[in-house]
Amino acid sequence: MSLKQQLVRDSDDADSDNENGSSRLEYSVRMPADDEEQERQENGPTFTIRQRKKKGQSPYESLDYDVCENVLWQQEHRKIVPRFTVRKDFSRWLISMQIGIWTALVACAINIVIDEVSRLKYGFLKRAVDENVLGGDLAIPYLWWVLLNVVPVLIGATLVAYVEPVAAGSGIPQVKCYLNGVKVPRIVRIKTLAVKAVGVVTSVVGGLAGGKEGPMIHSGAVIAAGISQGKSTTLKKDMKVFQYFRDDHEKRDFVVGGAAAGVAAAFGAPIGGILFSLEEAASFWNQSLIWRTFFASIISSFTLNVVLSAYHGLSSFRYRGLFNLGEFKPLPFEYYELPIFMLMGVLGGVSGAIWNSVNTRINLFRARFVKYRWAKVMEAAFVAIIGATAACAMAYSLNDCRPLGNDPTETPVQLFCEDNEYNAAAALWFQTPEATVKALFHDPPGSHTILTLAVFVLIYYPLSCITYGLSVSLGIFIPTLLVGAAWGRLFASFVVLAFPASSVFMNPGKYALIGAAAQLGGIVRMTLSLSVILLETTGNIAFVLPIIITLMSAKWSGDYFNEGIYDTQIRTSKVPMLPWHVEPRLENELAENIMNAPVVCVRKLEKVNYIIDILKNTTHNGFPVIESDENDTREDGKLIGLILRSQLVVILKRSMYVETERHWRDLVTIEQFRKEYPRYPTIDDLRISEDKTMKNYTVDMSTFMNPSPYSVNPDTSVPRLFQLFRALGLRHLVVVTQENRVRGIITRKDFLKDD
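In full-length UniProt numbering, the protein residues as written are 1 to 755.
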């Protein structure tokens, strides 16, 4: 006589390599007949697995931000002396300083290479135009422009598509997810950093509508993750330092500092870096973390300033960040301008909402139809050709001639203009996007016609929209600022044209800055951090009120239509990132309504063969440990702990069995588990003996399990559960009855399930 139980439970974390999303498993547990009772007592139940895919769920795993305070952890902490505590705290500050220095050095290297190669590129194109314009043969400069755009982009796209796909884009959404508790595969590997750095150079040099500032945040996060661990699994090099920081909880804090250091290096905004990590990235803060993050940001900004100032031969420190806007004169404003700033913010919010909506649809189209790596490379090259074609068409068709002044552009192109004149339309394209933004902020009134600015906005706005999402490394900050600065000057020109008396206060540079803030705020929806970043970048603290009004207006108007671009990318990618607040549809639900049950549990003393079965036949990463009688099922015991899949694999790898306890009991430490971090072996990596005697061995979970896992009652409200997950960085939350018997289990994905 047999008893079949159908156990259905959502997996906590599916294999990160499963491209079809996480799966729902049906467990058929066959309870043997009486003549097999002896074998049942020795080996436990036999699993027959039927796996059914559940479309639409993400394949991402969670990180273990909750510290496992097991017996080994307690033994280590009992041995800690005050001297070790001081050394550990000093190491944290030392690592923070190194994060700032190395992030700045990487930023300097990227910036110098881009500047030098771009100078050669646009200088060559200027000579090609000058040599062929008199003969009317403009096809040759156009072909050169296409070639000089396509070749670098092909290199960068090939590296991203074939070597490290996670290096695509700015990396900010991935860093946000990592700090939220989601394990994004390969996000903080050194190979990702290398591809990111080279990819940013090739993308910007290739003329794509992108910038290098956004990827610096990702680069800083990778640098922080690498330095804090004292080893590189990619290079197979262990420096034997900082071993006590080898867990998700400690690494997360350093990655926060790395992201802030990246912002500081990109914009020269150390305070903005902290606020960016607080507003957009980190979910968990404490006072000491804030101080170390600020220290890393200061070191990053200072190091970059010193290196770039020395490289350019300046006697003073003028390079606060990669995005150097130059010296802003005081920007006074009148009270009657505040409604104008608010209106521009609304325009930026609506424009940003349209941009986000179109870009999301384009990227969904890419995910569906541009699947092959060669197709992704060709798509990037095609967009590079479009950019070169649009630039040439605008430069050749608009004869916007302006007299040569004091360095109006880095590469003034004469084209069809008279001597001592340059083409202002061509000047917008014959330099890096950062230089063009700087020119739009500082060029005197009348430097560009209304037609030139209007055509540029109509070209660059859709160009930036189709570029963001390509298989290349680039950010969205600079093209967004560039579009906003252009339509900000255009807005000022229209106002002066309609109301000539307004020319008294209509400083085009001031309105270019407001337009840039409105456009960027409308797309990314940041307020506090973006306000401080712009203030630190411009150095104009008196202009704080107009910027804040603009950003708030942009956010409110944009949020009416959709989310910011980073949150939109995360949502469409099906990443289980916890938002700031629980979804309204779950506000009146209870734990028993969203929990997964029955639960695959393990006993305090468990057979090796059963452990192997659940590791091979499930994808769960956490198993409640129960105290139960032999006659009880594994789903009906009292909760006494929680053990992770990674711990069970290490236990099997090192043969930590009760029967062999005399060989390892006095030698086992928590360091043996840290050595395997972060790339823990899988059950398939182990060579498990087929010896039946060894499979009948027993593992005592009490030494390795977390003896105090968080648990709740079935009638706990979902908003309360959500706050526990969000505030404590939980991965698993066990639901128990009043008698402390396991009833179900909750993971972060249960808060994000579709209706």
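We treat Cβ as the ideally placed atom computed from N, Cα and C, and that holds for glycine. These figures come from a predicted structure and were not determined experimentally.
Neighbour flag for residue i against chain E, beta carbons, 7 Å
| i | result |
| --- | --- |
| Met577 | Protein chain content of the structure displayed is limited to a single chain, and chain E is not contained in it. |
Local conformation of residue i per DSSP, three classes
| i | result |
| --- | --- |
| Leu639 | strand |
| Phe751 | helix |
| Ile745 | strand |
| Val182 | strand |
| Asp700 | strand |
| residue 769 | Here the chain has residues from 1 to 755 only, and residue 769 is not among them. |
| Asp115 | helix |
| Asn324 | coil |
| Val241 | coil |
| Val650 | helix |
| Val718 | helix |
| Gly211 | strand |
| Gly226 | helix |
| Gly475 | strand |
| Glu627 | strand |
| Asn305 | helix |
| Leu235 | coil |
| Leu63 | coil |
| Arg603 | strand |
| Arg402 | strand |
| Asn356 | helix |
| Tyr335 | helix |
| Val575 | coil |
| Leu25 | For Leu25, the predicted model reports a pLDDT of 31, less than 50, meaning its position is unreliable; a value from the coordinates is still stated below. Three-state result, Leu25: strand. |
Contacting residues, own chain, Cβ-Cβ under 8 Å from residue i (five flanking each side not counted)
| i | result |
| --- | --- |
| Asn420 | Pro403 and Leu404 |
| residue 758 | Summary: the structure shown does not reach residue 758, with the chain confined to residues 1 through 755, and so no result is reported for it. |
| Met595 | Pro714, Val735, Arg743, Gly744, Ile745, Ile746 and Asp750 |
Residues near residue i in its chain [Cβ-Cβ closer than 6 Å; skip 5 each side]
| i | result |
| --- | --- |
| Gly258 | Ile99, Gly220, Ala221, Ile223 and Ala224 |
| Gly273 | Ala260, Val263, Ala264 and Ser297 |
| His448 | Ala424 |
| Arg645 | Asn621 |
| Val71 | Thr703 |
| Pro707 | Gly641 |
Contacting residues, own chain, Cβ-Cβ under 7 Å from residue i (five flanking each side not counted)
| i | result |
| --- | --- |
| Pro445 | Pro508 |
| Ile187 | Val166, Gln174 and Tyr178 |
| Tyr162 | Arg373 |
| Val160 | Ala167, Ala168, Val195, Gly199, Ser471, Val472 and Ser473 |
| Val455 | Met394 and Leu398 |
| Leu278 | Trp285 |
Supposed contact pair residue j and residue i - C-beta distance, whole angstroms, cut 8 Å
| i | j | result |
| --- | --- | --- |
| Pro270 | Ser297 | 4 Å |
| Gly214 | Ile476 | 6 Å |
| Trp93 | Phe295 | 7 Å |
| Arg674 | Gln243 | 6 Å |
| Thr703 | Val658 | Contact doesn't hold; Cβ gap of about 10 Å is too wide. |
| Arg634 | Ile643 | About 13 Å; that fails the 8 Å criterion. |
| Val496 | Tyr461 | Rounded, the Cβ-Cβ distance is 23 Å, inconsistent with contact. |
| Leu314 | Ser529 | With a Cβ gap of about 29 Å, Leu314 and Ser529 do not count as contacting. |
| Lys121 | Leu148 | 5 Å |
| His218 | Gly156 | Actually they are not in contact, since the Cβ atoms of His218 and Gly156 sit about 15 Å apart, beyond 8 Å. |
Residue i versus residue j: straight-line alpha-carbon distance, rounded
| i | j | result |
| --- | --- | --- |
| Leu399 | Pro141 | This sequence places Asn at residue 399; Leu is not what is there. Taking the straight line from one Cα to the other gives about 17 Å. |
| residue 762 | Leu551 | It is not possible to answer for residue 762, since the shown part of the chain is limited to 1 through 755. |
| Thr234 | Thr682 | 17 Å |
| Ile450 | Trp144 | 29 Å |
| Arg320 | Phe267 | 7 Å |
| Ser91 | Glu280 | 27 Å |
| Thr432 | Ile114 | 9 Å |
| Gly641 | Ile549 | 51 Å |
| Ala384 | Gly207 | 7 Å |
| Thr669 | Asn180 | 29 Å |
| Met506 | Leu453 | 16 Å |
| Pro584 | Ile466 | 33 Å |
| Thr293 | Ile190 | 21 Å |
| Asp17 | Thr436 | Caution is warranted here: a pLDDT of 38 is assigned to Asp17, below 50, making its placement in the model unreliable, and the coordinate value is therefore given only provisionally. About 42 Å. |
| Met705 | Leu639 | 11 Å |
| Ala597 | Asp636 | 11 Å |
Exercise. Given 8 Å as the limit, is there contact between the stretch 246 to 254 and the stretch 531 to 538, that is, 3 or more CB pairs closer than that?
Worked result: no
Exercise. Three or more C-beta pairs closer than 8 Å, one from the stretch 558 to 567 and one from the stretch 591 to 601: is that the case here?
Worked result: no
Exercise. Do the stretch 586 to 593 and the stretch 711 to 725 meet, that is, are 3 or more Cβ pairs less than 8 Å apart?
Worked result: yes
For this session: Could you tell me whether the stretch 468 to 475 touches the stretch 370 to 389, using the rule of 3 or more Cβ pairs below 8 Å?
Result: yes
Exercise. Three or more beta-carbon pairs under 8 Å between the stretch 334 to 341 and the stretch 107 to 127, yes or no?
Worked result: no
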